[in-house]
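S.K.: Next up is a structure, given as structure tokens.
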Amino acid sequence: MVVGEEGIALENVLVRIREKARSYRRYDFSETHHAALHAFFDLAQEYDAMGDFYRVCVAVPLVFFGVSVRLYLLNEDGDGLSLFCDSERGLLYPPLPARQGLRPGGHLVILDDSLLVPIQRKPGPSQGNGRQLLSELVMGMLEIPGGAEINDNDRFFIRKYANRIGYNLHNRLIAQQNIHHLKFINNLVLGVEHNVITPNIYFRHLFNKLRKRLDELEEINLEFAQVDPVGSKTHRETAGNRSQGRLKVLYDDLAANHREILEHYNNYSLFLESLLRQDHFRKGHLVLRPRMCSIEKEIIIPQLDHYANRLARRGIKVAQPTDMIDEEIPLLVDVGLLSQVYTNLFSNAVKYTMPVRDHAGEQAKVMAYGREYLRNYFGPSRDGIKFNVFTTGGHLSDDEAKLLYRDGFRGEAGIKQPGTGHGLAFVKQVVEIHGGVVGYERTETGNNFYFILPLPTDAE
45 MVVGEEGIAL ENVLVRIREK ARSYRRYDFS ETHHAALHAF FDLAQEYDAM
95 GDFYRVCVAV PLVFFGVSVR LYLLNEDGDG LSLFCDSERG LLYPPLPARQ
145 GLRPGGHLVI LDDSLLVPIQ RKPGPSQGNG RQLLSELVMG MLEIPGGAEI
195 NDNDRFFIRK YANRIGYNLH NRLIAQQNIH HLKFINNLVL GVEHNVITPN
245 IYFRHLFNKL RKRLDELEEI NLEFAQVDPV GSKTHRETAG NRSQGRLKVL
295 YDDLAANHRE ILEHYNNYSL FLESLLRQDH FRKGHLVLRP RMCSIEKEII
345 IPQLDHYANR LARRGIKVAQ PTDMIDEEIP LLVDVGLLSQ VYTNLFSNAV
395 KYTMPVRDHA GEQAKVMAYG REYLRNYFGP SRDGIKFNVF TTGGHLSDDE
445 AKLLYRDGFR GEAGIKQPGT GHGLAFVKQV VEIHGGVVGY ERTETGNNFY
495 FILPLPTDAE
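Here it is as structure tokens:
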């Protein structure tokens, strides 16, 4: 005999099984009823695709009882029903709005000559006290055209059948949600690696520069120690002036070093906050924290300053627009996430900008950024604003251009460069969650990477 907590748990299960055995005897289902339920359970396990599951839901009653069935589920807003599948036409894509008068409810309803049966999920662990409204458990409705005359025994079976659909559907949706959640977290980890961990290595470079300055300071300290205090005044003044000059240069270098470390720290902190928000992990998708900001002043310039030295070391000239500051357009965006859009684009510019001949016939490597108004781009009275980063160099092939924003894709030019192929996919994800679109276009001397964000209307 099992004792302790396990004994109690086992006994609870045994009690429920005995209750079920009594319930099944009381149901008094026919052999056909039992066969239909068995077929439903077997096929629900056999088919993995959600579309096939919907087909099984409407096909079982048709085969075993010769009745047509329509499967309605809650729409995306959760405030109405949509027809997803029926036994005459199969899966409907896109789903059709429910006909007039057909609404979700927690009880059997007769509408015209149809029988409507609620499809309900099981209560959650914290909702098993019986206090939750039936309407809050409803996931959809099963319609049987001409079913108004079905007898009470068959109605009872249909109600139980609809419950089995609801429980299976609920479990499938939870499984889908969990898979989506895991994929999102995996992509988010890639984003952290690409935009946080890898840039964090740059701190080592900054600390090495700081170490070099400290070594210089130690040299000056030794020079002071070696000055003979009883030596000639001229000798002491010469040594002092020399050390003072070196200290002035060293102070300027340390101040610049401090600014660079501080800027990198602020950037690093911004990225950490925007990527590791609790809301991201809880909801399974990027959650915006938007505020009104100046795109160039608060996003582009800080990221450009962050990459200025690396661009300069590669001999890349930066062409800055003259109109963005003169005519600022505040936008409601997530500063942390949109900053990472530009850091990815600037990082790619460092790696992939190639020289071309300019108008004077000289070889030049150039990166430029800018913006452009697009009237009615997102529809009537829905203007857009196009932000771009241009780099000189050879064009991408047609195949590369099609796959450019796909996660993990790396073009021919990227094979020799470090990277994961995640950067532009992250750019696409951030832009789309802002309601925008991304794109690529060839120009005469290089490549233009852009994204378009909707401008708020007066009502917004």
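Take any residue in the sequence shown, note its place counting from 1, add 44, and you have its number in this note's numbering.
A virtual CB, placed ideally from N, CA and C, is assigned to each residue, including glycine.
1. Compute the beta-carbon to beta-carbon distance between V482 and V471, rounded to the nearest angstrom, for a pair I have assumed lies under 8 Å.
2. Does L330 have its Cβ less than 8 Å from a Cβ in chain B?
3. Which same chain residues end up closer than 8 Å to S391 when comparing Cβ atoms and leaving out the 5 residues on each side of it in sequence?
4. To the nearest angstrom, how far is the alpha carbon of L130 from that of V102?
5. What's the C-alpha gap between R62 and Y211?
6. Roughly how many angstroms separate the alpha carbons of V474 and N239, rounded to a whole number?
7. Would Q221 and G328 qualify as a contact pair, given that the criterion is a beta-carbon distance under 8 Å?
8. What is the DSSP secondary structure of N492, counted as helix, strand or coil?
9. Can you tell me which residues form a DSSP beta bridge with I360?
10. Which runs of the alpha helix (DSSP H), 4 residues or longer, sit entirely within the region 182-263?
11. Report the rounded CA-to-CA distance for R216 versus P162, giving the unit in angstroms.
12. Evaluate contact between the region 416-434 and the region 493-502, counting only Cβ atoms and requiring at least three cross-stretch pairs below 8 Å.
13. Contact between the region 373-381 and the region 310-319 is defined here as three or more beta-carbon pairs at a separation below 8 Å; is this criterion met?
14. State the start and end residues of the unbroken alpha helix (DSSP H) segment that holds T436.
15. What would DSSP say about P374, mapped onto helix, strand or coil?
16. Comparing alpha-carbon positions, which option in I345, R199, Y421 lies nearest G479?
17. Smallest Cα separation from K395: which of P365, R354, Q384, D296?
18. Tell me whether N265 is buried or exposed, calling it buried when 16 or more other Cβ atoms sit within 10 Å of its Cβ.
19. According to DSSP, simplified to helix, strand and coil, what is Y449?
20. Provide the residue(s) that pair with Y484 in DSSP beta bridges, ordered along the chain.
21. Measure the alpha-carbon distance for K166 versus P334 and round it to whole angstroms.
22. Going by beta carbon distance, what residues of the same chain come within less than 7 Å of L261, once the five residues before and after it are set aside?
23. Per DSSP, what kind of secondary structure is V331 in: helix, strand or coil?
24. Contact between the region 139-154 and the region 111-126 is defined here as three or more beta-carbon pairs at a separation below 8 Å; is this criterion met?
25. Which residues in the same chain as L118 place their Cβ atom closer than 8 Å to its Cβ, once the five residues preceding and following it in sequence are excluded?
26. Determine the DSSP secondary structure at E120, reduced to helix, strand or coil.
27. If I'm right that H324 touches L232 with Cβ under 8 Å, what's the distance once you round it to whole angstroms?
28. Can you list, in chain order, the residues of its chain whose CB lies under 7 Å from that of V331, leaving out five sequence neighbours each side?
29. According to the Cβ coordinates, are S158 and A192 closer than 8 Å?
30. Write down every uninterrupted run of the beta strand (DSSP E) in the region 122-162 whose length is 3 residues or greater and which is fully enclosed by it, in chain order.
31. Who are the near neighbours of M411 in its chain, counting only those whose CB is closer than 6 Å to its CB and skipping five residues on each side?
32. In whole angstroms, what is the alpha-carbon distance linking G174 and A53?
M.R.: Based on what the coordinates show:
1. V482 to V471, Cβ: 6 Å. Contact.
2. No chain B is part of this structure, which consists of one protein chain only.
3. Y351, G467
4. The displayed chain sequence assigns Asp, not Leu, to residue 130. Cα to Cα, the separation comes out at about 6 Å.
5. The alpha-carbon separation between R62 and Y211 amounts to approximately 21 Å.
6. Cα to Cα, the separation comes out at about 13 Å.
7. yes
8. strand
9. According to DSSP, which records beta bridges pairwise, I360 is partnered with K409.
10. 196-236
11. 18 Å
12. yes
13. yes
14. Run containing T436: none in the alpha helix (DSSP H); it sits in the beta strand (DSSP E), 428-436.
15. coil
16. Y421
17. The shortest Cα separation from K395 among P365, R354, Q384, D296 belongs to R354.
18. exposed
19. coil
20. Partner(s): F493.
21. 37 Å
22. L294
23. Secondary structure at V331: coil, using DSSP grouped into helix, strand and coil.
24. yes
25. G124, L125, S126, P148, V182, M183, G184
26. coil
27. With 8 Å as the limit, H324 and L232 qualify as a contact, their Cβ atoms being about 6 Å apart.
28. Hits under 7 Å: R321, D323, H324.
29. Result yes, Cβ atoms of S158 and A192 sit closer than 8 Å.
30. 125-130, 134-141, 153-155
31. Contacts found: I360, V362, A393, T397, T435.
32. Here the model assigns G174 a pLDDT of 49, short of 50, so the residue's position is not dependable and the matter cannot be decided.
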